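Top to bottom, those sequences are chains A and B.
So the first sequence is residues 37 to 481, counted in our numbering.
So the second sequence is residues 955 to 1195, counted in our numbering.
Take a look at the structure set out below.
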Amino acid sequence: MRWLLLKDLQILRRSPLLVALLVLYPIVIAVLIGFAISRGPEKPRVAFLNEVPPSASVLELNGQKIDVSQYGKEIFSRIDPVPVQSEQEAIDKVKSGDVLGALIIPADLTQKLQAGTGPANVRVYYNAEDPVKARFVQDTIKSEVQDANTALTKQFTKIALNYLDLISKGGNISIFGKSFSVLGLAKAEAIVNAAQAGLPPNDPLRAQLGQVANFARLARDNLDLSNGVLAAVGTPIRADAKIINGGTTPLDAFAVAIAVTVSLMFVTLLLASGILALEREENAFLRLVRGLVSRTGLLIEKMGLAALCAIVVSLVMLAGIALFVSLEWGRFPLWLVALVFGGLGFGALGVAIGGITREVRAASLLAFMLALPMAFLALVPSGAVSSGLYNVIKVVSALFPFKPTLDALNSALNRSGSIGLPLLHLAILTVAFGVIARLSLRRFA
Amino acid sequence: MTEATATERTLVLEAHEISKRFGEREALKRVSLEAARGELVAIIGPNGAGKTTLLSILAGIQRADGGSVSRPPGEIGWVPQQAAVYSKLTVAENLRLFARLEKRPDVEETVERMLAQTGLEQRRDDPVSQLSGGNKQRVNIAIGLLSAPDVLLLDEPSAALDPRQRERLWEFIRELAARGTTVIYSTHNVHEVERHAGQVVVLADGELLFAGTPRELEQIAGAPDLDFEEAFVAFLRQRGH
């Protein structure tokens, strides 16, 4: 078998254009996919629960009434809200993948905003099994909360300015139903100046000084209140995010796993399918299997060669990526295990394609036609499509090696989830596609 | 074939009542064949007669439904109709690869011997893709001869060759036979049978119609005034084909 392996390497060495395309094409595709995954669906489905009673939806700030539900309408223009009746229902929908995430507006939101002493919290739930989806939900909710904050900030700023005006000029303020008269810095200055000018030395004008002292205390209290207001001005509403499932893989790290998986897929599929079909096109298949090499041995050689080349390309790619993104080289053995299992999975699919199509051109075409949908389907986030369709997509993705390879590489590179299950999945797919390839050789010649 | 001739010959291959069926179609009907050392045996017949099927069974590529072959496939060299060589590799690399796969004890010696035997020493480092059809077929045959088999099977070896290349190929095959290699070949070219075959086997619809010398076939056809091709066609007509 090693002589066949050497022969195939010799043939590859004499096909520099093919090798260049095999290396460059998947890298270009990987970059494009990496770019594409930074964008999610236009209007994500988000479970929405507004616990604020209709009677409390109007917020009164500084004498101005703000209808919080108006902000909700603005949010709904950017997301596809799925109304839910309870927080648990929202969590269940996130878990099932029916929605990308959930946004819960707590009942005390307007009270906290009204009090103005600190930020009011909304609760956000999302499923972090897919870092693309997680990032998308984070960005979407963050964006919507920021929009609401911007609008509320204008009101809080007015309040802050009014307090400052009150402190400066004096006037009346109503706090907790009681009305207070505030002297104001200007009047205080005038009084103090007058007192200073009119008083003989050591004349205790206690009443006026007491007025000044009262002002100082009230001014301090007002400034304390302003501190809270000013703190709230920045972020009147805060999103309290909770992850329901999955790890916390940053999107950049996940994009690395995707890029490597795409490269591994293209190189292995095209090479394995092509070099097997080439044996038939060169009319050498019958000569080989006539006692020189077993049919199974031939398949293993093609799978092994394709996987080996693809792993080398993937490792070179990872080394290149490591110049720009921090990778844990200490986990190199796990990378290698994931690449080997993934390579063999794709290799088995490749030889099945080559065995079924029997011609190099047809094999390449089918490999392309399978590879792209296989990758894109595996990257469809739950909630981007209906629940039923998503389940179909999950089943279809499970039939091909892309998703388990991505999971294995994501685990190896980014410590995201267990690596065992994806490896087992890949082993099963390798055997299954190997059997299909072996059966296809019955009518290969 | 006369009884006397058979006893004088040293038989190196005997196929006995070979049968093969593809679904409802009977591709070979109890076909028997004998070949002696250094003999050139031509298998001829109309399209679909079973020529390639018979060669494939003798080569071990297909399994017969019935009958037996005296030699295992490993002891028989086989050369497919289209050159089964790697076009990106050179002549020497192709020979070296298959010599290694054949587990020849001295690979380089085998390669040199085959290069000399095929007269391709000057082209040893040329990629096969740059060779003419005739030279490609020589490499193809050389690979079939790497294990120095006593019997060599050739499936339409001269198809797609021009007359000059064909002549050089037959010269090469005759030399092989002269050295003692038994060559069994299928062909559509009846003139090649007349010129190069010691024994001709006629198949039609999977049935063995005749086995003997070309001269005997002419005599059986009963058409002394006709050339060999016309006699062959007349023979088939007489037998209802």
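Every residue, glycine too, gets a C-beta built ideally from N, C-alpha and C.
Bear in mind the structure is a predicted one, so any value in this text is a computation, not a measurement.
A960 (chain B) burial status per 10 Å Cβ neighbour count (16 or more: buried): Counting from one through the second sequence, the residue named residue 960 (chain B) turns up at place 6. Summary for A960 (chain B): the model assigns pLDDT 48, below 50, so the residue's position carries little reliability, and this model does not support an answer.
Grouping DSSP H, G and I as helix and E and B as strand, with all else coil, what is S179 (chain A)? Taking the first sequence and counting its residues from 1, one reaches residue 179 (chain A) at position 143. For S179 (chain A), the three-state secondary structure derived from DSSP is helix.
Per-residue burial, G1194 (chain B) [other beta carbons within 10 Å of its own, 16 or more giving buried]: Residue mapping note: residue 1194 (chain B) aligns to position 240 of the second sequence, counting from 1. The residue in question, G1194 (chain B), is exposed, as its Cβ has fewer than 16 Cβ neighbours within 10 Å.
Whole-angstrom distance between A293 (chain A) and A448 (chain A), CA atom to CA atom: In the first sequence, counting from the first residue as 1, residue 448 (chain A) sits at position 412. In the first sequence, counting from the first residue as 1, residue 293 (chain A) sits at position 257. Linking A448 (chain A) to A293 (chain A) through their CA atoms gives a straight-line distance of about 9 Å.
Using 10 angstroms around the beta-carbon of D443 (chain A), count the other beta-carbons present and answer buried if the total reaches 16, otherwise exposed. Walking along the first sequence from the start, residue 443 (chain A) turns up at place 407. Burial state of D443 (chain A) is buried, judged by a 10 Å Cβ sphere holding 16 or more other Cβ atoms.
Check whether the stretch 1172 to 1186 of chain B touches the stretch 1002 to 1009 of chain B, taking contact to mean three or more Cβ pairs, one atom from each stretch, closer than 8 Å. No contact exists between the stretch 1172 to 1186 of chain B and the stretch 1002 to 1009 of chain B.
Below 9 Å between beta carbons: does that hold for K983 (chain B) and D1159 (chain B)? Counting from one through the second sequence, the residue named residue 983 (chain B) turns up at place 29. Counting from one through the second sequence, the residue named residue 1159 (chain B) turns up at place 205. Yes. Within cutoff.
Could you tell me which uninterrupted beta strand (DSSP E) segments, each at least 3 residues in length, are contained entirely in the stretch 972 to 1041 of chain B, listed from first to last along the chain? Taking only runs of at least 3 residues, the beta strand (DSSP E) segments lying wholly in the stretch 972 to 1041 of chain B are 979 to 990, 994 to 998, 1020 to 1023, 1030 to 1033.
With a threshold of 9 Å between beta carbons, is A320 (chain A) in contact with chain B? Working through the first sequence from its first residue, we reach residue 320 (chain A) at position 284. Closer than 9 Å to some Cβ of chain B, the Cβ of A320 (chain A) qualifies, so yes.
Would you call the stretch 372 to 388 of chain A in contact with the stretch 289 to 309 of chain A, where contact means no fewer than 3 C-beta pairs closer than 8 Å? A contact exists between the stretch 372 to 388 of chain A and the stretch 289 to 309 of chain A.
Anticipated Cβ contact below 8 Å, R394 (chain A) with R316 (chain A), distance rounded: Looking up residue 394 (chain A) in the first sequence gives position 358. Looking up residue 316 (chain A) in the first sequence gives position 280. About 5 Å separates the two Cβ atoms, so the contact holds.
Within chain A, the residues that P1027 (chain B) reaches when beta carbons sit closer than 8 Å: Start at 1 with the first residue of the second sequence, and residue 1027 (chain B) comes out as number 73. What P1027 (chain B) touches in chain A: R326, G327.
Chain A residues whose Cβ lies nearer than 7 Å to that of S1022 (chain B): On the second sequence, position 68 is the one that residue 1022 (chain B) refers to. Those within 7 Å of S1022 (chain B) in chain A number zero; the least Cβ separation is about 18 Å.
D144 (chain A) and A156 (chain A) closer than 9 Å at C-beta: Reading the first sequence from its first residue, position 108 is the one you call residue 144 (chain A). Reading the first sequence from its first residue, position 120 is the one you call residue 156 (chain A). Yes, Cβ-Cβ distance for D144 (chain A) and A156 (chain A) is below 9 Å.
With a threshold of 6 Å on Cβ separation, who are the neighbours of R1058 (chain B) within its own chain once the five nearest residues in sequence on each side are excluded? By one-based count along the second sequence, residue 1058 (chain B) stands at place 104. Correct list, in chain order: T1064.
In the structure shown, what three-state DSSP assignment does S423 (chain A) receive? Numbered from 1 along the first sequence, position 387 holds the residue referred to as residue 423 (chain A). Note: S423 (chain A) maps to helix in three-state DSSP.
For S51 (chain A), list the residues DSSP reports as bridge partners. Position 15 of the first sequence, counted from the first residue, corresponds to residue 51 (chain A). For S51 (chain A), no pairing in a beta bridge is given by DSSP.
Min CB distance L45 (chain A) to chain B below 9 Å: By 1-based counting over the first sequence, the position of residue 45 (chain A) is 9. No, no contact with chain B.
Sufficient close CB pairs (3 or more, under 8 Å) joining the stretch 1091 to 1098 of chain B to the stretch 1021 to 1041 of chain B: Yes: the two stretches touch, three or more of their Cβ pairs being nearer than 8 Å.
Sheet register partners of Y1139 (chain B) (DSSP bridge): In the second sequence, the residue the question calls residue 1139 (chain B) occupies position 185. Per the DSSP secondary-structure output, Y1139 (chain B) pairs in a beta bridge with B:A996, B:L1108.
Does the Cβ of R49 (chain A) have 16 or more other Cβ atoms within 10 Å, making it buried, or fewer, making it exposed? Residue 49 (chain A) sits at position 13 when you count from the first residue of the first sequence. Counting of Cβ neighbours within 10 angstroms places R49 (chain A) among the exposed residues, the total staying below 16.
DSSP state of T304 (chain A), grouped into three classes? By one-based count along the first sequence, residue 304 (chain A) stands at place 268. DSSP places T304 (chain A) in the helix class (H, G or I) of the three-state scheme.
Is there a Cβ of chain B sitting closer than 9 Å to that of V432 (chain A), yes or no? As a first step, residue 432 (chain A) must be located in the first sequence, where it is residue number 396. Not closer than 9 Å to any Cβ of chain B, the Cβ of V432 (chain A) fails to qualify, so no.
Residue-chain proximity (R1054 (chain B), chain A), Cβ-Cβ < 9 Å: One-based indexing of the second sequence puts residue 1054 (chain B) at position 100. Among the residues facing chain A, R1054 (chain B) is included, as its CB has a counterpart in that chain under 9 Å away.
Do I115 (chain A) and P80 (chain A) have their CB atoms nearer than 9 Å? Numbered from its first residue, the first sequence carries residue 115 (chain A) at position 79. Numbered from its first residue, the first sequence carries residue 80 (chain A) at position 44. Taking 9 Å as the Cβ cut-off, I115 (chain A) and P80 (chain A) qualify as a contacting pair.
Hey, would you say E993 (chain B) sits closer than 9 Å to V1147 (chain B), going by beta carbons? Within the second sequence, numbered from 1, the residue matching residue 993 (chain B) stands at position 39. Within the second sequence, numbered from 1, the residue matching residue 1147 (chain B) stands at position 193. Result no, Cβ atoms of E993 (chain B) and V1147 (chain B) do not sit closer than 9 Å.
Just to confirm the assignment: which complete alpha helix (DSSP H) runs, minimum length 4, are found wholly within the stretch 396 to 468 of chain A? Taking 4 residues as the minimum length, the alpha helix (DSSP H) runs contained wholly in the stretch 396 to 468 of chain A are 396 to 414, 423 to 434, 438 to 450, in order along the chain.
Measuring only between beta-carbons, confirm whether L1043 (chain B) sits less than 9 Å from chain A. Looking up residue 1043 (chain B) in the second sequence gives position 89. Under the Cβ criterion of 9 Å, L1043 (chain B) is counted among the residues facing chain A.
Whose CA, out of A:R478, A:N319, A:I455, A:Q121, lies closest to the CA of R331 (chain A)? Here the question's residue 331 (chain A) lines up with position 295 in the first sequence. Between R331 (chain A) and the set A:R478, A:N319, A:I455, A:Q121, the nearest pair of CA atoms involves A:R478.
Here's a check: name, in chain order, each residue in its chain whose Cβ is nearer than 8 Å to the Cβ of E337 (chain A), leaving out the five neighbours to either side. Mapped onto the first sequence, residue 337 (chain A) falls at position 301. Contacts found: M37, L40, L41, D44, V329.
Write down the C-beta distance between L1162 (chain B) and S986 (chain B) rounded to the nearest angstrom, noting that I regard them as a contact closer than 8 Å. Taking the second sequence and counting its residues from 1, one reaches residue 1162 (chain B) at position 208. Taking the second sequence and counting its residues from 1, one reaches residue 986 (chain B) at position 32. Rounded, the Cβ-Cβ distance is 7 Å, consistent with contact.
G383 (chain A) lies in the alpha helix (DSSP H); which residues open and close that run? Taking the first residue of the first sequence as position 1, residue 383 (chain A) is located at position 347. Secondary structure note for G383 (chain A): its alpha helix (DSSP H) is the uninterrupted segment 368 to 393.
So R50 (chain A) contacts chain B; which residues on that side make the cut at Cβ distance below 7 Å? Along the first sequence, read from residue 1 onward, the residue named residue 50 (chain A) stands at position 14. Result: K1042.
For V94 (chain A), the nearest candidate out of A:T146, A:L314, A:L465, A:V428 (CA to CA): Within the first sequence, numbered from 1, the residue matching residue 94 (chain A) stands at position 58. The shortest C-alpha to C-alpha distance from V94 (chain A) to any of A:T146, A:L314, A:L465, A:V428 is the one to A:T146.
S122 (chain A) and S423 (chain A) - do their beta-carbons sit closer together than 9 Å? For the purposes of this step, residue 423 (chain A) is taken as residue 387 along the first sequence, with counting starting at 1. For the purposes of this step, residue 122 (chain A) is taken as residue 86 along the first sequence, with counting starting at 1. No, the pair does not count as a contact, with Cβ atoms beyond the cut-off.
Positions along the stretch 293 to 323 of chain A whose CB lies within less than 7 Å of some CB in chain B: For the stretch 293 to 323 of chain A, which is checked against every Cβ of chain B, the residues closer than 7 Å are E318, N319, A320, L322, R323.
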